[in-house]
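Here the structure comes first, spelled out in structure tokens, and everything after it is commentary.
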Amino acid sequence: MIPAAFDYHRPSDMAGVLAVLKEHGDDARVLAGGHSLIPMMKLRMADVPHLIDLQDVDGLAGISISDGRVRIGAMTTQAEIIDDAALAAAAPIMREASLQIADPQVRYMGTVGGNVANGDPGNDMPGLMQCLDATFVLVGPDGEREVKARDFYEAAYMTAREDDEVLVAASFDAPSGGYAYEKQKRKIGDYATAAAAVLLTKDGGTCTSASIAMTNLSDTPIWSEAAGSALVGTSVDDAAINAAVDAMLGDIDPTQDNRGPIEFKRHAAAVILRRAIARAWDRA
Ligand SMILES: Cc1cc2nc3c(=O)[nH]c(=O)nc-3n(C[C@H](O)[C@H](O)[C@H](O)COP(=O)(O)OP(=O)(O)OC[C@H]3O[C@@H](n4cnc5c(N)ncnc54)[C@H](O)[C@@H]3O)c2cc1C
Numbered sequence: 544m545i546p547a548a549f550d551y552h553r554p555s556d557m558a559g560v561l562a563v564l565k566e567h568g569d570d571a572r573v574l575a576g577g578h579s580l581i582p583m584m585k586l587r588m589a590d591v592p593h594l595i596d597l598q599d600v601d602g603l604a605g606i607s608i609s610d611g612r613v614r615i616g617a618m619t620t621q622a623e624i625i626d627d628a629a630l631a632a633a634a635p636i637m638r639e640a641s642l643q644i645a646d647p648q649v650r651y652m653g654t655v656g657g658n659v660a661n662g663d664p665g666n667d668m669p670g671l672m673q674c675l676d677a678t679f680v681l682v683g684p685d686g687e688r689e690v691k692a693r694d695f696y697e698a699a700y701m702t703a704r705e706d707d708e709v710l711v712a713a714s715f716d717a718p719s720g721g722y723a724y725e726k727q728k729r730k731i732g733d734y735a736t737a738a739a740a741v742l743l744t745k746d747g748g749t750c751t752s753a754s755i756a757m758t759n760l761s762d763t764p765i766w767s768e769a770a771g772s773a774l775v776g777t778s779v780d781d782a783a784i785n786a787a788v789d790a791m792l793g794d795i796d797p798t799q800d801n802r803g804p805i806e807f808k809r810h811a812a813a814v815i816l817r818r819a820i821a822r823a824w825d826r827a
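Quick note, my numbering runs 543 ahead of the 1-based positions in the sequence shown.
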């Protein structure tokens, strides 16, 4: 499979990226790891006359942690997330989730920016970022702006990012308490049939906060505020877990596809969320 012809641009700074985006508008797209965009171009599902490679642009890669705030540059790969000991200590859910994305070859190339900016409902990091209450930093012709991950996703492949903007980083407060990322998939390397990201805090035997996000169960990631609220103030007993699962099931809207019929997906979502809550609670 060979993509349609395109012009390849490789600017060395963000001004150069924005200039090409301005000149070519809808006909230009940035290229990060290329592990979603290039297959789409080969399948002729994306026609991109101008590709702008981000790899020479300074300042887009790397992880920093300062005063409890984590900042991950857009060009940071999933493999780098897995290998970063400081990040694993500050936000272990990032490593746990990244290890469940695709396979090592994809993770060496796939970037955090590409994963969250693409708007693919199957990608794991959008839901993870919503669970963490992350903020995305976008740069465009009018400068920089921030958008909450929970406000970023509008529909499949539709986000709050404008065509002439580049996502440069994601940041979030290092979470405390227990965490779990659980994913049901058909085989190693596959996208989720259902996945759940859970963060919990505990004081004595009582849950004091809970954040729950689900992946590939709607055309956007679903941060289920109601599911988290159902756990807060409880001892995360069976009744509370049942209430959280019911609330989550009220928020998702899966469709039938080659990963199964709707009822199966709802069943998988419930099983995955129960497991994630149990593990996060154990760790809290
Ligand atoms: C076989 C296979 C299995 C996979 N399985 C999984 C999985 O289980 N879970 C999962 O989460 N992912 C999975 N992926 C996707 C992969 O993890 C990458 O995250 C994904 O390809 C996007 O990252 P990228 O850097 O490759 O982006 P690219 O392919 O380069 O770009 C994707 C899109 O995002 C845009 N974009 C990229 N970077 C930016 C930016 N900084 N600002 C604005 N727009 C940007 C591009 O213009 C393009 O439209 C899989 C991929 C493959 C090939």
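Positions of the beta carbon are idealized from the N, C-alpha and C atoms, including for glycine.
Query raised in the report: In chain order, which alpha helix (DSSP H) runs of at least 4 residues are fully inside the region 612 to 641?
Result: For secondary structure counted as the alpha helix (DSSP H) over 4 or more consecutive residues, the region 612 to 641 holds these complete runs in sequence order: 621 to 626, 628 to 633 and 635 to 641.
Query raised in the report: Expressed to the nearest angstrom, what Euclidean distance is found between the alpha-carbon atoms of D667 and K565?
Result: Rounded to the nearest angstrom, the two C-alpha atoms are 30 Å apart.
Query raised in the report: What is the rounded straight-line gap between the Cα of D796 and the Cα of S714?
Result: In a straight line, the C-alpha of D796 is about 28 Å away from that of S714.
Query raised in the report: Per DSSP, which one or two residues make a beta bridge with M757?
Result: The partner list for M757 (beta bridge, DSSP) reads A739 and I765.
Query - Burial state of I731, where buried means 16 or more other Cβ atoms lie within 10 Å - result: Exposed, since its Cβ has fewer than 16 Cβ neighbours within 10 Å.
Report task. Ignoring anything shorter than 3 residues or poking outside the region 709 to 739, list the beta strand (DSSP E) runs there in chain order. Result -> If only complete runs of 3 or more residues are kept, the region 709 to 739 shows the beta strand (DSSP E) at 709 to 716 and 721 to 728, in order along the chain.
Query raised in the report: If we count the other Cβ atoms within 10 Å of its Cβ and call it buried at 16 or more, is P647 buried or exposed?
Result: Classified as exposed, P647 has fewer than 16 neighbouring CB atoms from the shown chains inside 10 Å of its CB.
Report task. Could you check which residue in G568, A819 and M701 has the C-alpha nearest to that of D663? Result -> When only C-alpha atoms are compared, the closest one is M701.
Query raised in the report: Is there at least one non-hydrogen atom of ligand 1 closer than 8 Å to the beta-carbon of E689?
Result: A distance criterion of 8 Å places the beta-carbon of E689 beyond contact range of ligand 1, judged by its closest non-hydrogen atom.
Query raised in the report: So what does G683 bridge to, in DSSP terms?
Result: As DSSP reads the structure, G683 sits in a beta bridge with G686.
Query raised in the report: Under three-state DSSP, which class holds G776?
Result: Looking at G776 - three-state DSSP - the assignment turns out to be coil, as it is neither helix nor strand.
Query - Neighbour-count burial assignment, M544, 16 or more Cβ in a 10 Å radius - result: Counting Cβ neighbours within 10 Å, M544 comes out exposed, since fewer than 16 surround it.
Query raised in the report: Beta carbon of P718, beta carbon of F695: below 9 Å?
Result: Inclusion of P718 and F695 in the CB contact set at 9 Å is not warranted, their separation being larger than that value.
Report task. Kindly indicate which residue of K726, D599 and A628 has the alpha-carbon position closest to the one of V613. Result -> Taking the Cα of V613 as reference, the smallest distance to any Cα among K726, D599 and A628 is reached at A628.
Report task. Could you work out which residue in D590, G605, E687 and R826 is closest to F549 when comparing CA atoms only? Result -> Looking at the Cα atoms, D590 is the closest of the given residues.
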